[in-house]
Ligand SMILES: [Zn+2]
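Residue numbers (this note's numbering): 7 to 462.
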């Protein structure tokens with residue numbers, strides 16, 4: 007039932023399967039997964055012995071937590087706030103201390119490159135972000151950013167030259183909608199510059215505030231095929247790894263996210279004089295709709311989620327039968343086809359509810375983000391890297407958005423998850439254990455080495 011969704015709601019869903027077939031293959035020099043003798047000529051003994059300094063990463067995490075610290079124990083380090091600017095300055099000091107030479111690109115991202123031995127190769131890119139939501143935690147983004155810098159430091163300190171250039175990135179304003187990474191991937195519409203962020207500045211003001219240049223975004227843009235691979239380490243932000251006592255999540259992809267505004271039209275009338283029979287109560291129909299959405303989404307196996315998160319009833323008076331209700335519908339899944347099927351079922355069931363209650367349901371698509379699948383070969387590198395360190399793994403989707411989905415438009419993408427205690431995130435009580443952070447950083451290091459050395 008593709009037609010019910012319409013082209014506007016799922017643009018190009020069939021044509022743009024990220025991580026799927028490509029015209030050019032940036033990983034071609036790495037060779038197909040399953041080829042034998044990785045890292046043949048690059049000193050396998052040295053690579054096996056290489057480890058990040060986990061204590062240093064965790065020490066840096068504690069220092070970064072001072073910028074935007076709030077009484078609840080978390081941080082409010084929203085993009086373009088003074089805390090964000092000062093945190094980024096501190097981070098550039100950590101880069102320099104690691105022997106890296108950070109610069110701010112015109113998009114406002116912090117980037118440092120370690121040159122590779124083969125100038126013909128495209129860069130491997132690693133990184134994350136350090137901005138937070140209001141009253142956020144100390145691990146979302148921070149873990150991946152500081153671990154990426156540590157990976158660079160470990161390579162430099164051990165004089166381990168990669169064949170590829172390695173770009174170590176701190177993306178600006180991830181929480182405001184992947185702003186820095188979308189500028190690089192070419193998905194950022196300039197009209198968004200006038201929107202206001204959580205720190206009170208427009209994006210235009212904010213990007214200038216952190217050292218970017220809105221008139222020179224083109225210099226930071228990358229085209230499809232410009233990167234060899236992108237890998238991001240991140241906290242899971244859900245409770246699956248912890249509940250199953252597993253060390254490392256191998257991310258299958260970032261789920262697609264779709265929103266609709268739903269309007270239910272009934273007939274507003276006197277709540278005292280209108281008999282119960284024959285009422286056309288839009289709020290009653292809406293309540294049946296909410297129950298039905300939950301039923302439809304849970305009636306099939308899989309990890310799809312569906313939510314009604316907002317509702318307004320009109321006229322909204324105790325003595326008037328609600329004649330009109332506005333609510334939102336959100337569906338998320340890794341497979342567009344699943345979302346289309348669930349949506350079609352929901353529309354069908356809503357029609358039945360409408361017929362029985364004398365109301366009408368109208369759906370308007372508002373938000374549509376395609377799923378971004380990770381590259382199967384990178385998943386395999388992550389899995390093997392974890393196993394070689396004695397760590398257990400689970401393949402799972404990411405229900406949250408990440409800068410990795412922007413990078414998936416440019417080349418093969420992979421993500422490494424570590425457990426979030428209690429599955430809590432975007433809250434001051436967000437927490438990941440020091441040992442898990444160290445594990446994640448070592449898996450990132452090994453994955454970078456594997457990506458660099460495969461087939462060499
Ligand atoms: Zn994040």
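Backbone N, C-alpha and C fix where the C-beta goes; we use that ideal spot for every residue, glycine too. The structure presented is a predicted model; accordingly, all values stated were derived computationally and were not measured.
One thing to note: residue 252 has its Cβ no nearer than 8 Å to the Cβ of residue 450. Within the DSSP secondary-structure output, residue 177 pairs in a beta bridge with 135.
The three-state secondary structure of residue 301, taken from DSSP, is helix. Residue 147 has its CB nearer than 7 Å to a heavy atom of ligand 1. For the options 282, 140, 349, 198, the alpha carbon positioned closest to that of residue 298 is the one of 349. Boundaries of the beta strand (DSSP E) around residue 255: 254-260. One Cα belongs to residue 145, the other to residue 221, and the distance between them is close to 33 Å. Taking a contact to require three or more Cβ pairs closer than 8 Å, the stretch 422-436 and the stretch 214-229 do not qualify as touching.
According to the DSSP assignment, residue 336 belongs to no alpha helix (DSSP H) but to the beta strand (DSSP E) extending over 330-339.
Placement of the Cβ of residue 180 at a distance of less than 7 Å from at least one heavy atom of ligand 1 is found. Just so you know, the alpha carbons of residue 65 and residue 231 end up roughly 36 Å apart. Taking the C-beta atoms as reference points, residue 266 is found no nearer than 8 Å to residue 365. For residue 316, the Cβ stays outside the 7 Å cut-off from all heavy atoms of ligand 1.
Ligand 1 has no heavy atom closer than 7 Å to the beta-carbon of residue 375. For residue 239, the uninterrupted beta strand (DSSP E) segment begins and ends at 235-241. Where residue 101 is concerned, there is no enclosing beta strand (DSSP E), although the alpha helix (DSSP H) around it starts and stops at 88-103. The stretch 287-307 and the stretch 386-402 do not touch, with fewer than three beta-carbon pairs separated by less than 8 Å.
Residue state for residue 77 is assigned as coil, using DSSP reduced to three classes. Using a Cβ distance threshold of 8 Å, residue 174 and residue 133 count as a contacting pair. Taking C-beta separations shorter than 8 Å and ignoring five residues to either side along the sequence, the partners of residue 442 in its chain run 253, 424, 425, following chain order.
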